[in-house]
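I have placed the structure first, in the form of structure tokens, so that the comments after it can refer back to it.
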Amino acid sequence: MSKKKKNIILENIKLITAGAKGVAVGKTEEGKTVLVSGAVPGDVVNARVKKSKSKYFEAEAIEILEKSPYRVEPKCIHFGVCGGCKWQNLSYQKQLDFKQEEVYNNIKRIGGIENFETLPILGSEQEYFYRNKMEFSFSNARWLTQYEISSEENFGNKDALGFHIPGMWSKILDLQECFLQEAPSNDLRLAVRNYAIENGLDFFDVRNQEGFLRTLMLRQNSQGEWMVLFQLYREEKENREQLFDYILEKFPQIKTLVFAINPKQNDSIYDLDVQTYFGEGFIYEEMDGLKFKIGPKSFFQTNYKQALNLYRKTLEFAEISENDVVYDLYTGTGTIAQYIAKKAKYVIGIESVQEAIDA
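Sequential numbering of the sequence shown, starting at 162, is according to the working numbering.
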């Protein structure tokens with residue numbers, strides 16, 4: 162460990178496993194734990210300490226001395242800036258290995274349980290394009306890269322539609338591509354962004370709490386039907402309807418389009434009145450013969466195929482008999498409750514969101 166001015170540099174740190182929220186974990190020579198961002202397990206790095214705690218350091222990699230054998234080339238041009246994906250540069254099989262190891266260690270270390278049986282983790286068939294719900298934010302303060310800042314060029318329009326930069330509540334990365342949700346998610350988001358810029362619609366100013374366009378949510382089902390939800394800071398009826406009509410004409414996959422006026426300090430939708438502009442205001446999802454109604458406020462597992470695997474395993478492990486009464490806590494739209502109801506005497510689902518219960 163070396164010190165330069167106020168910086169503490171940890172040298173030659175071997176990263177041995179993965180931690181929460183995309184950090185890799187190593188040890189100093191003295192045995193103190195180091196949580197390192199910007200690197201992957203298997204790397205050997207020099208790292209700058211950001212926070213020093215009694216039991217661990219939080220640090221960021223400033224130099225990779227040896228590259229991990231588990232490294233892969235990130236697919237997305239935004240990786241490392243966006244924060245939406247933490248481990249695109251780590252092989253998916255190693256991600257699964259580390260996740261299984263973390264669960265095992267938590268049960269053993271935190272739960273205090275010894276000599277328990279473990280089963281292999283079930284990975285997703287799809288590494289990309291697996292999410293059925295994505296939320297994006299509008300901003301008039303686009304995140305500028307270090308190159309853009311240092312070039313002192315005038316980059317003109319600062320409007321953006323994308324994700325929050327990690328740790329930067331007022332800055333939004335203007336997404337050009339994303340590999341989390343299948344087509345036409347990227348095309349739809351970019352069409353909204355480009356139309357708004359070309360027609361002079363105001364992107365939200367989070368610092369001054371003003372503007373028109375606030376958030377965009379895209380939701381799909383396994384049948385290729387889409388729900389689009391706009392949060393608007395204020396009502397601009399003519400602009401709103403022209404934007405909505407443009408999107409509906411361009412993307413016939415949209416089954417329903419809904420919107421909410423949100424002048425609050427936060428983007429939470431649960432206390433807002435959501436209005437339907439087109440369609441029924443909801444979409445359906447089907448799972449093993451069951452049909453679920455999903456509204457704009459409904460919770461539903463974001464990876465449909467893995468959710469189905471999860472429910473099948475839940476039913477298998479629970480070994481429910483026809484005389485059992487089952488409680489499903491935090492039931493959401495009742496997907497698990499209804500899925501296992503065919504085996505139980507009856508199921509009671511408990512949930513705080515009224516719309517989810519109604520659905």
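Ideal Cβ positions, reconstructed from N, Cα and C, are used throughout, including at glycine.
Which listed residue (Glu359, Gln337, Ser213, Leu362) has its alpha carbon closest to that of Arg350: As a first step, residue 350 must be located in the sequence shown, where it is residue number 189. Just measuring C-alpha positions, the residue of Glu359, Gln337, Ser213, Leu362 sitting nearest Arg350 is Gln337.
Span separating the alpha-carbon of Phe551 from that of Ile223: A question about residue 551 goes unanswered here, because the residues of the chain that appear run from 162 up to 520.
Straight-line Cα distance separating Tyr265 from Asn104: With the chain running from 162 to 520 in the structure shown, residue 104 is simply not present.
Cβ contact (3+ pairs, closer than 8 Å) linking the segment 420-437 and the segment 388-405: Three or more pairs of CB atoms, one per stretch, sit closer than 8 Å, so the segment 420-437 contacts the segment 388-405.
Chain-order list of residues whose beta-carbon lies under 7 Å from that of Tyr407 (same chain, five-residue window excluded): Position 246 of the sequence shown, counting from 1, holds the residue named residue 407. Within the same chain, Tyr407 has close Cβ partners Tyr356.
Length of the line joining the Cα atoms of Ile177 and Tyr431: What you label residue 177 is simply residue 16 of the sequence shown in a count that begins at 1. What you label residue 431 is simply residue 270 of the sequence shown in a count that begins at 1. Pairing Ile177 with Tyr431, the inter-Cα distance amounts to about 41 Å.
Straight-line Cα distance separating Val205 from Gly180: Taking the sequence shown and counting its residues from 1, one reaches residue 180 at position 19. Taking the sequence shown and counting its residues from 1, one reaches residue 205 at position 44. Taking C-alpha positions only, Gly180 is separated from Val205 by approximately 16 Å.
Cut-off 6 Å between Cβ atoms - residues of its own chain near Asp428, not counting five sequence neighbours on either side: Position 267 of the sequence shown, counted from the first residue, corresponds to residue 428. Apart from sequence neighbours up to five positions away, the residues of its chain that approach Asp428 with a beta-carbon distance below 6 Å are Thr376, ordered along the chain.
Member of Ala502, Phe297, Glu263, Gly372 whose CA lies at the smallest distance from the CA of Glu483: What you label residue 483 is simply residue 322 of the sequence shown in a count that begins at 1. When only C-alpha atoms are compared, the closest one is Ala502.
Neighbourhood of Asp434 by C-beta distance below 7 Å, restricted to the same chain and skipping five residues each side: By one-based count along the sequence shown, residue 434 stands at place 273. So the qualifying residues of the chain are Ala421.
contact_flag[the segment 316-336, the segment 295-303] where n(CB pairs < 8 Å) is 3 or more: They touch, by the three-pair rule.
Asn360, buried or exposed, once every other Cβ within 10 Å from all chains shown has been counted against 16: By one-based count along the sequence shown, residue 360 stands at place 199. Asn360 should be labelled exposed.
Short Cβ contact (8 Å threshold) for Phe439 with Leu404: One-based indexing of the sequence shown puts residue 439 at position 278. One-based indexing of the sequence shown puts residue 404 at position 243. Against a cut-off of 8 Å, the Cβ pair of Leu404 and Phe439 comes out as no contact.
C-alpha gap between Phe478 and Leu374, whole angstroms: For the purposes of this step, residue 478 is identified with residue 317 of the sequence shown, where counting begins at 1. For the purposes of this step, residue 374 is identified with residue 213 of the sequence shown, where counting begins at 1. The straight-line gap from Cα to Cα measures roughly 46 Å.
Three or more C-beta pairs below 8 Å linking the segment 186-200 and the segment 221-236: Under the 8 Å Cβ criterion, the segment 186-200 counts as touching the segment 221-236, having at least three qualifying pairs.
Per DSSP, cross-strand counterpart(s) of Asn360: For this step, residue 360 is matched to residue 199 along the sequence shown. DSSP lists no beta-bridge partner residue for Asn360.
Beta carbon of Asn400 nearer than 8 Å to that of Ile358: As a first step, residue 400 is located in the sequence shown; it is residue number 239 there, counting from the start. As a first step, residue 358 is located in the sequence shown; it is residue number 197 there, counting from the start. With respect to Ile358, Asn400 sits apart: the two C-beta atoms are not nearer than 8 Å.
3 or more residues per run - each beta strand (DSSP E) lying fully within the segment 281-345: Within the segment 281-345, complete beta strand (DSSP E) segments of at least 3 residues are found at 294-300, 321-326, 329-335, given in chain order.
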